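S.K.: Can you keep this structure in mind? I'll have questions shortly.
Residue numbers (full-length UniProt numbering), protein chains in the order written: chain P, 1 to 236; chain V, 1 to 236; chain A, 1 to 236; chain R, 1 to 236.
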């Protein structure tokens, strides 16, 4: 455990710890991506090591989750070997009051949606800055698309009212490539009035694999905030 | 031109010729996949060579279309370079009376749907054996899916009433892999009551790229039949 | 166990059983692809179930091996979790007297070479029909190549004296695609005089991932033959 | 043309202009990646537009080259349509006195090697900071590898004396993914005594697609330097 006195890090630790505390023995756990989720993975590992938790198998949503789970001693499995997921813990880039999410800042939203949507209980862990009244207010909507369809999909997204931009790489010439070998279009929507409908409409554009809208998937949101310089967690 | 006296081949030639005859000069043409479409590509090339047709650019839906277009001298472009497609010519595995289609026997339906759905006019070329009263009667519905999601997607397809099967390779150990690096699940549905709804529902399952239902995409269907031992073409 | 009286199947069973019999408890086992290897996987599973064998982890070389290992109860791991492989069991398309191999009929030779070359002991299981005096006598050499480089790689292979052909798909329009999303060129060489040199030369052509020559990788070859109508196994 | 008075940018413009000036009419040109090469692409386009150059077709090595070529009006083709490349212009991360290179900072070295190695004349454009006495002095050697083989390939690279590190993404969770869907290992070698031998040895490790050593590929190196505050170009 790295000791820290930085209030933001302390807060993320507390949220991760709270989520890890909800995992029960004998369960299959979806392991998400991101800095807060990373603390949850660490605490699940510590509970396993101490004997407080028994018989846990993890399903990673990303390379990062896989590496952390191995480091903290959480046995892993794949979706081929299981029939359901008991609980998934994952972050988000935006959360609205109905617990709908935008994810995909890390270009991992497709695998995350596959795993998170299989969980009986999906716990979202975020800091207070991710809360919005309306999705699309602060964050772009990521859309994963096969390379040959980038241009027509961009045109379709414009027809839907969005301003699309191909996500370009850093430490890589050209566009960011996802773990599936696809590209990511980040779309600015001024107003996402009906997230459920937009999610389905975009997924139905030929060439789109998955977009970052998660509507009706989250069950619990744990929000970390700093109140009077101290970390505080609330749930909704 | 290979001369043939086989009535089925003659019929396919005639349907391909009829479709190729509808292409106008100065247009962008989507080039589909399959044995009948192959004749259409050949005839477009011959019309270009004879000067009957001028200023054509093709957009291939597959490796096969690309190879044939190059052989018959049709200049090619990509979707990045054009803003629309004037006419697309492509085959189908099943066609219902509303011109809805099942495609994907060649595992190429994702790229085909991207191209065909961009065309102002999409001409389907089939022989009479592909006509069905209801989609799903004779052909399985292909669903392209990312490898890590095969098992949960299969389970979802069963919940929708289908009997899913992973398409296995020939001349390749393990499953067929698509040009996008994904796998194909072939699904038997006893009854596809509402193709439009099923198309959208399946595309919205996390991990699905595209399924073989083409609803409301085809404009014209050219059907080749053998009547009294002679090829005959009708349109609907 | 499926009972059979077919001598070829009986022979494959015996070879698979012989290979499985060489696996020791507490070891990491590379699990290959093919019909004879499938029997080895089955027998390893049976030895585990009976308690004759303990503490085995498998590393599959293909989807087929993974499915069989799960069916027969062999726990699996990935190359990220282990530092070596104790023994690998895999088939081959051709074996020469120096135990050099051609593999890749199933387009899985890249992953197979990664796994087999890590094994302290690599046991090849084949029937007598796979034995050749010189590699290339009866089987084409498979070369896995990235799609954009197919044409220049084919030209290079011709300069090396080969007759290259792109492997085309069945139940898939266009070429066979490997599990890595690449294509396979099958090359006819009239005479592979120096397999070690050809293996390195081809792997050094820009755009080539891996070719099917396995030189100096195999340690033991178990050959099944039918003598007087009965299965017989010899080793070299 | 963007006007600039920044000496570094001026120098890159001059080097790009010099390389573009060597392209002759009626030739097939390999178009590389990077900021200096970008100026070369721009100048080739301007020479085409002015009529100074005629009948040029470009072969892009990357998405970036493709976008720039389209912007500046250079017609493009693919390797399937041509039998050779007349001249290629590309950058490098390190150049030694024998004109051997390290490339791959943009994770595009595989496609670059395919294109650059086909060119009758390969012109390297760099600024003086890229010149080294020995390869590996300042830049890590990028190795493109299939995902399942990352760990054993890293171990092999350590045995060869390297310090390997998986290149991690920015604007993407987990590792950088290449245009081919593979990962990149950046390797620190204290001393690359024999680049030709190391290039072949690494390419022969199972699971490696291509490494960033370009030995014996470059024909001409154009070096931009600032002397007395003014851009200067020398060739070797």
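Virtual Cβ for every residue (Gly too), placed ideally from N, Cα, C. Computed from a prediction, not measured in an experiment: that's the story for all the values here.
Please confirm if residue 181 (chain R) has its CB atom under 7 Å from at least one CB of chain A.
M.R.: Counting from 1 along the fourth chain, the entry for residue 181 (chain R) is found at position 181. Chain A contact via Cβ: present.
S.K.: Rounded to the nearest angstrom, what separates residue 232 (chain P) and residue 58 (chain R) at their Cα positions?
M.R.: Within the first chain, residue 232 (chain P) is the residue found at index 232, counting from 1. Within the fourth chain, residue 58 (chain R) is the residue found at index 58, counting from 1. Computed Cα separation, rounded: 59 Å.
S.K.: Exposed or buried, what is residue 16 (chain P) when buried is set at 16 or more other beta-carbons lying within 10 Å of its beta-carbon?
M.R.: In the first chain, counting from the first residue as 1, residue 16 (chain P) sits at position 16. By the neighbour-count rule (16 or more Cβ atoms within 10 Å), residue 16 (chain P) is buried.
S.K.: Please list the residues of the segment 107 to 120 of chain A that have a C-beta atom closer than 8 Å to any C-beta atom in chain R, keeping them in chain order.
M.R.: Listed in sequence order: 110, 111, 113, 114, 117 and 118.
S.K.: With DSSP as the reference, please indicate the residues paired to residue 221 (chain P) in a beta bridge.
M.R.: Here residue 221 (chain P) corresponds to residue number 221 of the first chain, with the count starting at 1. DSSP lists P:124 as partners of residue 221 (chain P).
S.K.: Along the chain, where does the alpha helix (DSSP H) that runs through residue 85 (chain V) open and close?
M.R.: If you number the second chain from 1, residue 85 (chain V) lands on position 85. Looking at the DSSP string, residue 85 (chain V) is not in any alpha helix (DSSP H); the run it does join, the beta strand (DSSP E), is 85 to 90.
S.K.: Here's the rule I'm using: 16 or more other beta-carbon atoms within 10 Å means buried, otherwise exposed. How should residue 33 (chain A) be labelled?
M.R.: If you number the third chain from 1, residue 33 (chain A) lands on position 33. By the neighbour-count rule (16 or more Cβ atoms within 10 Å), residue 33 (chain A) is buried.
S.K.: Could you run through the segment 186 to 215 of chain A and flag, in chain order, every residue whose CB is less than 7 Å away from some CB of chain R?
M.R.: Taking 7 Å as the Cβ-Cβ cut-off against chain R, the residues of the segment 186 to 215 of chain A that qualify are 200, 203, 204, 206, 207, 209 and 210.
S.K.: What residues in the segment 55 to 84 of chain P have a beta carbon less than 8 Å from any beta carbon of chain R?
M.R.: Taking 8 Å as the Cβ-Cβ cut-off against chain R, the residues of the segment 55 to 84 of chain P that qualify are 62, 63 and 64.
S.K.: I'd like to know if the segment 102 to 121 of chain V and the segment 66 to 76 of chain V are in contact, where contact means that at least 3 CB-CB pairs between them fall below 8 Å.
M.R.: Cβ pair count under 8 Å is below three, so no.
S.K.: With a CB to CB cut of under 6 Å and the five nearest residues on each side skipped, what residues in its chain are close to residue 226 (chain P)?
M.R.: Start at 1 with the first residue of the first chain, and residue 226 (chain P) comes out as number 226. Same-chain partners within the cutoff: 7 and 11.
S.K.: Distance check for residue 201 (chain R) and residue 211 (chain P), CA to CA, integer angstroms please.
M.R.: Within the first chain, residue 211 (chain P) is the residue found at index 211, counting from 1. Within the fourth chain, residue 201 (chain R) is the residue found at index 201, counting from 1. Near 42 Å, if we compare the C-alpha coordinates of residue 201 (chain R) and residue 211 (chain P).
S.K.: On the criterion of 16 or more Cβ atoms from any shown chain inside 10 Å, does residue 38 (chain R) qualify as buried, or is it exposed?
M.R.: Residue 38 (chain R) sits at position 38 when you count from the first residue of the fourth chain. By the neighbour-count rule (16 or more Cβ atoms within 10 Å), residue 38 (chain R) is buried.
S.K.: Please classify residue 25 (chain A): is it buried, with 16 or more other beta-carbons within 10 angstroms of its beta-carbon, or exposed?
M.R.: Position 25 of the third chain, counted from the start, is the residue given in the question as residue 25 (chain A). Classification for residue 25 (chain A): exposed.
S.K.: Do you know whose CA, among V:186, V:179 and V:182, lies nearest residue 164 (chain V)'s CA?
M.R.: Looking up residue 164 (chain V) in the second chain gives position 164. Out of V:186, V:179 and V:182, V:186 has the C-alpha closest to the C-alpha of residue 164 (chain V).
S.K.: In chain A, what lies closer than 9 Å to residue 142 (chain V) by C-beta?
M.R.: Along the second chain, read from residue 1 onward, the residue named residue 142 (chain V) stands at position 142. Within 9 Å Cβ-Cβ: nothing; residue 142 (chain V) doesn't reach chain A, min ~10 Å.
S.K.: Tell me which residues of the segment 149 to 163 of chain R have at least one Cβ-Cβ distance to chain A shorter than 9 Å, keeping chain order.
M.R.: Result list: 149, 150, 151, 152, 153 and 155.
S.K.: Would you call residue 109 (chain V) buried or exposed, if buried means 16 or more other Cβ atoms sit within 10 Å of its Cβ?
M.R.: Along the second chain, read from residue 1 onward, the residue named residue 109 (chain V) stands at position 109. So residue 109 (chain V) counts as buried.
S.K.: Buried or exposed, going by whether 16 or more other CB atoms sit within 10 Å of the CB of residue 160 (chain A)?
M.R.: For this step, residue 160 (chain A) is matched to residue 160 along the third chain. It is exposed - the Cβ of residue 160 (chain A) has fewer than 16 other Cβ atoms within 10 Å.
S.K.: Specify the secondary structure class of residue 191 (chain V) as computed by DSSP and reduced to three states.
M.R.: For this step, residue 191 (chain V) is matched to residue 191 along the second chain. In the structure shown, residue 191 (chain V) sits in coil (DSSP, three-state: anything other than H, G, I, E or B).
S.K.: Could one say the Cβ of residue 1 (chain P) lies closer than 7 Å to chain A's Cβ atoms, at least one of them?
M.R.: Reading the first chain from its first residue, position 1 is the one you call residue 1 (chain P). Bear in mind that a pLDDT of 47 at residue 1 (chain P), under 50, signals an unreliable position, so the number given afterwards is only what the model happens to contain. Residue 1 (chain P) does not count as touching chain A.
S.K.: Just to confirm, is the Cβ distance from residue 287 (chain R) to residue 92 (chain R) under 7 Å?
M.R.: As shown, chain R starts at 1 and ends at 236. That puts residue 287 (chain R) outside it, with no answer to give.
S.K.: Residues of chain R with CB closer than 7 Å to the CB of residue 89 (chain A), please, in chain order.
M.R.: Here residue 89 (chain A) is taken as the residue at index 89 of the third chain, counted from 1. Residues of chain R passing the Cβ test: none, with the nearest at roughly 17 Å.
S.K.: Give me the Cβ distance between residue 221 (chain A) and residue 113 (chain A), rounded to the nearest whole Å; I'm assuming they're in contact under 8 Å.
M.R.: In the third chain, counting from the first residue as 1, residue 221 (chain A) sits at position 221. In the third chain, counting from the first residue as 1, residue 113 (chain A) sits at position 113. Actually they do not touch by this definition, with Cβ atoms about 17 Å apart.
S.K.: Under 7 Å, do residue 131 (chain R) and residue 218 (chain R) count as touching if we go by C-beta distance?
M.R.: Looking up residue 131 (chain R) in the fourth chain gives position 131. Looking up residue 218 (chain R) in the fourth chain gives position 218. The answer is no: Cβ separation not under 7 Å.
S.K.: Counting only the same chain and skipping the five closest in sequence on each side, list residues whose C-beta sits under 8 Å from that of residue 63 (chain A).
M.R.: The residue labelled residue 63 (chain A) in the question sits at position 63 within the third chain. Excluding sequence neighbours, residue 63 (chain A) sits near 179.
S.K.: Exposed or buried, which one is residue 182 (chain P) when buried takes at least 16 other CB atoms within 10 Å?
M.R.: The sequence position of residue 182 (chain P) within the first chain is 182, counting from 1. The residue is buried, with at least 16 neighbouring Cβ atoms inside 10 Å.
S.K.: Compare the Cα-Cα distances from residue 85 (chain A) to each of A:103, A:68 and A:60 and report the closest residue.
M.R.: Locating residue 85 (chain A) in the third chain gives position 85, where the first residue counts as 1. With distances taken between Cα atoms, residue 85 (chain A) lies closest to A:60.
S.K.: So what's residue 167 (chain A) in DSSP terms, helix, strand or just coil?
M.R.: The count along the third chain starts at 1 and reaches residue 167 (chain A) at position 167. Reduced to three states, the DSSP call for residue 167 (chain A) is coil.
S.K.: Assuming residue 188 (chain P) and residue 140 (chain P) form a contact by the criterion Cβ under 8 Å, report the distance between their Cβ atoms to the nearest whole angstrom.
M.R.: Start at 1 with the first residue of the first chain, and residue 188 (chain P) comes out as number 188. Start at 1 with the first residue of the first chain, and residue 140 (chain P) comes out as number 140. Indeed they touch by this definition, with Cβ atoms about 5 Å apart.
S.K.: With a threshold of 6 Å on Cβ separation, who are the neighbours of residue 82 (chain A) within its own chain once the five nearest residues in sequence on each side are excluded?
M.R.: As a working note, residue 82 (chain A) is residue 82 in the third chain. The residues are 28.
S.K.: Classify residue 63 (chain V) as helix, strand or coil using the three-state DSSP reduction.
M.R.: As a first step, residue 63 (chain V) is located in the second chain; it is residue number 63 there, counting from the start. Of the three classes helix, strand and coil, the one that applies to residue 63 (chain V) here is helix, per DSSP.
S.K.: Tell me which residues share the same chain as residue 13 (chain V) and place their Cβ nearer than 6 Å to its Cβ, disregarding the 5 neighbours each side in the sequence.
M.R.: Translated into the one-based positions of the second chain, residue 13 (chain V) becomes position 13. Once the five neighbours on either side are set aside, the close Cβ partners of residue 13 (chain V) are 39.
S.K.: Mark residue 149 (chain V) as exposed unless 16 or more other C-beta atoms lie within 10 angstroms of its C-beta, in which case mark it buried.
M.R.: By one-based count along the second chain, residue 149 (chain V) stands at place 149. With 16 or more other Cβ atoms within 10 Å, it is buried.
S.K.: Kindly indicate which residue of P:116, P:54, P:96 and P:172 has the alpha-carbon position closest to the one of residue 193 (chain P).
M.R.: One-based indexing of the first chain puts residue 193 (chain P) at position 193. Of the candidates P:116, P:54, P:96 and P:172, the one whose C-alpha sits nearest the C-alpha of residue 193 (chain P) is P:96.
S.K.: Would you call residue 116 (chain A) buried or exposed, if buried means 16 or more other Cβ atoms sit within 10 Å of its Cβ?
M.R.: If you number the third chain from 1, residue 116 (chain A) lands on position 116. Buried, since its Cβ has 16 or more Cβ neighbours within 10 Å.
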